[in-house]
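Engineer: Note that full-length UniProt numbering gives residue 63 to position 63 of the sequence shown, counting from 1, and the numbers run on in steps of one. C-beta: ideal position from N, C-alpha, C; glycine also. Just so it is clear, the structure is predicted and the values come from calculations on it, not from any experiment.
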Amino acid sequence: VRKRRRSRATQITESVAKLGKPDSTEFGAARTPLHRIESEHRISGTRMGMMDSLGLSGLAGGVQRMDKRQFLFQMLSFGMIVSSALMIWKGLMVVTGSESPIVVVLSGSMEPAFHRGDLLFLTNQDEPVRVGEIVVFKIEGRDIPIVHRVIKLHEKSNGTVKFLTKGDNNSVDDRGLYAPGQLWLTKKDIVGRARGFLPYVGMITIYMNEYPKLKYGILGLLALYVLVHRE
Numbered sequence: 001v002r003k004r005r006r007s008r009a010t011q012i013t014e015s016v017a018k019l020g021k022p023d024s025t026e027f028g029a030a031r032t033p034l035h036r037i038e039s040e041h042r043i044s045g046t047r048m049g050m051m052d053s054l055g056l057s058g059l060a061g062g063v064q065r066m067d068k069r070q071f072l073f074q075m076l077s078f079g080m081i082v083s084s085a086l087m088i089w090k091g092l093m094v095v096t097g098s099e100s101p102i103v104v105v106l107s108g109s110m111e112p113a114f115h116r117g118d119l120l121f122l123t124n125q126d127e128p129v130r131v132g133e134i135v136v137f138k139i140e141g142r143d144i145p146i147v148h149r150v151i152k153l154h155e156k157s158n159g160t161v162k163f164l165t166k167g168d169n170n171s172v173d174d175r176g177l178y179a180p181g182q183l184w185l186t187k188k189d190i191v192g193r194a195r196g197f198l199p200y201v202g203m204i205t206i207y208m209n210e211y212p213k214l215k216y217g218i219l220g221l222l223a224l225y226v227l228v229h230r231e
């Protein structure tokens, strides 16, 4: 009887011990995410240590700072180019005395002297207008200037000189183009007189005005070139 009681007690004790012992598989599974995070931290720390030892971390930061400085430098360069162009234009206005020292012929009304797309260089000095001169003038209510030849002068008793213009390729004079009630041009209507030209150089301007998408595309390409050009 005593042996049976001891055997029974031993079985109960072993069962309790077995139930109280944690399952190694479940315990290992529960610890797996923690082990993974710790491993990733160890790997990341090892990589950072290697980068620091090789100087790569500082190099990467330097490259990023260099890119920002380079971008800022290119932006400043682009602004300087635009400012220089405006200064040159203003300087030409002062030297030539014309509000538009360079204009583009937009039609064939002056052929064969000038053709569409020719680039004209103007001056507007304080000199008397003569018959036969090619002038550029503005009409009230119109933004685009006109390039035509002076064909007749009309001098009044008070010394005021007026003149009439006409396109070389037109059959009639320009009185139909003038403002309503205006029969003659005066000095204040003159933008400048043609002093020289470059043939067909202004065609790009005509295309850009006729096709706005082309204009924006060209301006975008120019800006992109300035920004990425590192020489």
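Compare the C-beta of Ser-157 with all C-beta atoms of chain C and state if any pair is closer than 9 Å.
Structural biologist: Among the protein chains of the structure shown there is no chain C, as only one such chain exists.
Engineer: Taking Cβ positions, are Val-135 and Val-129 nearer each other than 9 Å?
Structural biologist: Here the question's residue 135 lines up with position 135 in the sequence shown. Here the question's residue 129 lines up with position 129 in the sequence shown. For Val-135 and Val-129, yes; Cβs fall inside 9 Å.
Engineer: Determine the DSSP secondary structure at Thr-205, reduced to helix, strand or coil.
Structural biologist: The residue you call residue 205 lines up with position 205 of the sequence shown. The answer is helix: DSSP assigns Thr-205 an H, G or I state.
Engineer: Would you mind working out which of Tyr-225, Tyr-200, His-154 and Gln-74 sits nearest Phe-114, comparing C-alpha positions?
Structural biologist: If you number the sequence shown from 1, residue 114 lands on position 114. Comparing Cα-Cα distances from Phe-114 to each of Tyr-225, Tyr-200, His-154 and Gln-74, the minimum goes to Tyr-200.
Engineer: Taking the alpha carbon of Glu-111 as the reference point, which residue from Ile-218, Leu-222, Arg-193 and Asp-168 has its own alpha carbon closest?
Structural biologist: For the purposes of this step, residue 111 is taken as residue 111 along the sequence shown, with counting starting at 1. Selected option, being the one with the closest Cα: Asp-168.
Engineer: So is Arg-149 buried or exposed if we call it buried at 16+ other beta carbons inside 10 Å?
Structural biologist: In the sequence shown, the residue the question calls residue 149 occupies position 149. So Arg-149 counts as buried.
Engineer: Specify, as a first and last residue, the run of the beta strand (DSSP E) that Ala-194 falls within.
Structural biologist: One-based indexing of the sequence shown puts residue 194 at position 194. Where Ala-194 is concerned, the enclosing beta strand (DSSP E) stretches over 190-198.
Engineer: Where do the ends of the beta strand (DSSP E) carrying Arg-121 lie?
Structural biologist: By one-based count along the sequence shown, residue 121 stands at place 121. The sequence shown places Phe at residue 121, not Arg. Where Phe-121 is concerned, the enclosing beta strand (DSSP E) stretches over 119-123.
Engineer: Provide the residue span of the beta strand (DSSP E) that contains Leu-164, from first to last.
Structural biologist: On the sequence shown, position 164 is the one that residue 164 refers to. Here the beta strand (DSSP E) through Leu-164 covers 161-166.
Engineer: In chain order, what residues of the same chain have a beta carbon less than 8 Å from the beta carbon of Asp-189, not counting five sequence neighbours either side?
Structural biologist: Counting from 1 along the sequence shown, the entry for residue 189 is found at position 189. Phe-137, Lys-138 and Ile-139, listed in sequence order.
Engineer: For Arg-195, which residues from the same chain have a beta carbon less than 7 Å from its beta carbon, with the 5 sequence-adjacent residues on both sides left out?
Structural biologist: As a position in the sequence shown, residue 195 is number 195, starting the count at 1. Closer than 7 Å at the Cβ level, and outside the excluded window around Arg-195, lie Phe-121, Leu-122 and Thr-123.
Engineer: Compare the C-alpha of Tyr-178 against each of Leu-198, Ile-144 and Met-208 and name the closest.
Structural biologist: As a position in the sequence shown, residue 178 is number 178, starting the count at 1. Closest option to Tyr-178, Cα to Cα, is Ile-144.
Engineer: How would you write the range of the beta strand (DSSP E) that Ile-146 sits in, first residue to last?
Structural biologist: If you number the sequence shown from 1, residue 146 lands on position 146. Run containing Ile-146: 146-155, per the beta strand (DSSP E) assignment.
Engineer: So, Glu-99 versus Val-191, is the Cβ gap smaller than 9 Å?
Structural biologist: Position 99 of the sequence shown, counted from the start, is the residue given in the question as residue 99. Position 191 of the sequence shown, counted from the start, is the residue given in the question as residue 191. In this structure, Val-191 lies closer than 9 Å to Glu-99 by Cβ.
Engineer: How big is the Cα-Cα spacing for Gln-182 and Arg-69?
Structural biologist: If you number the sequence shown from 1, residue 182 lands on position 182. If you number the sequence shown from 1, residue 69 lands on position 69. Rounded to the nearest angstrom, the two C-alpha atoms are 59 Å apart.
Engineer: Should Asp-118 go down as buried or exposed, given a rule of 16 or more other Cβ atoms within 10 Å for buried?
Structural biologist: One-based indexing of the sequence shown puts residue 118 at position 118. Classification for Asp-118: buried.
Engineer: Which word fits Val-172, buried or exposed, when buried means at least 16 other C-beta atoms lie within 10 angstroms of its C-beta?
Structural biologist: Here residue 172 corresponds to residue number 172 of the sequence shown, with the count starting at 1. With fewer than 16 other Cβ atoms within 10 Å, it is exposed.
Engineer: Give a yes or no on whether the C-beta atoms belonging to Gln-125 and Thr-96 are separated by under 9 Å.
Structural biologist: Taking the first residue of the sequence shown as position 1, residue 125 is located at position 125. Taking the first residue of the sequence shown as position 1, residue 96 is located at position 96. Yes. Within cutoff.
Engineer: Whole angstroms is fine: what's the gap from Leu-106's alpha carbon to Ile-206's?
Structural biologist: Counting from one through the sequence shown, the residue named residue 106 turns up at place 106. Counting from one through the sequence shown, the residue named residue 206 turns up at place 206. So the two alpha carbons sit approximately 7 Å from each other.
Engineer: Report the residue from His-154, Asn-158, Ile-146 and Lys-187 whose alpha carbon sits nearest the alpha carbon of Asp-174.
Structural biologist: For the purposes of this step, residue 174 is taken as the residue at position 174 of the sequence shown. Comparing Cα-Cα distances from Asp-174 to each of His-154, Asn-158, Ile-146 and Lys-187, the minimum goes to Ile-146.
Engineer: Identify the continuous beta strand (DSSP E) that holds Ile-102 and give its terminal residues.
Structural biologist: As a position in the sequence shown, residue 102 is number 102, starting the count at 1. 102-104 is the span of the beta strand (DSSP E), which, as asked, contains Ile-102.
Engineer: Anyone know if the C-beta pair for Glu-133 and Arg-193 falls short of 9 Å?
Structural biologist: As a working note, residue 133 is residue 133 in the sequence shown. As a working note, residue 193 is residue 193 in the sequence shown. It is a contact, given that the beta carbons lie within the stated cut-off.
Engineer: So, under 8 Å CB-CB, Asn-170 and Ser-109 are touching, yes? Tell me the CB distance rounded to an integer number of Å.
Structural biologist: Taking the first residue of the sequence shown as position 1, residue 170 is located at position 170. Taking the first residue of the sequence shown as position 1, residue 109 is located at position 109. Going by Cβ atoms, the distance from Asn-170 to Ser-109 rounds to 5 Å, so yes, they are a contact pair.
Engineer: Buried or exposed for Val-131, please, with buried defined as at least 16 other CB atoms from any protein chain shown within 10 angstroms of its CB.
Structural biologist: On the sequence shown, position 131 is the one that residue 131 refers to. It counts as exposed.
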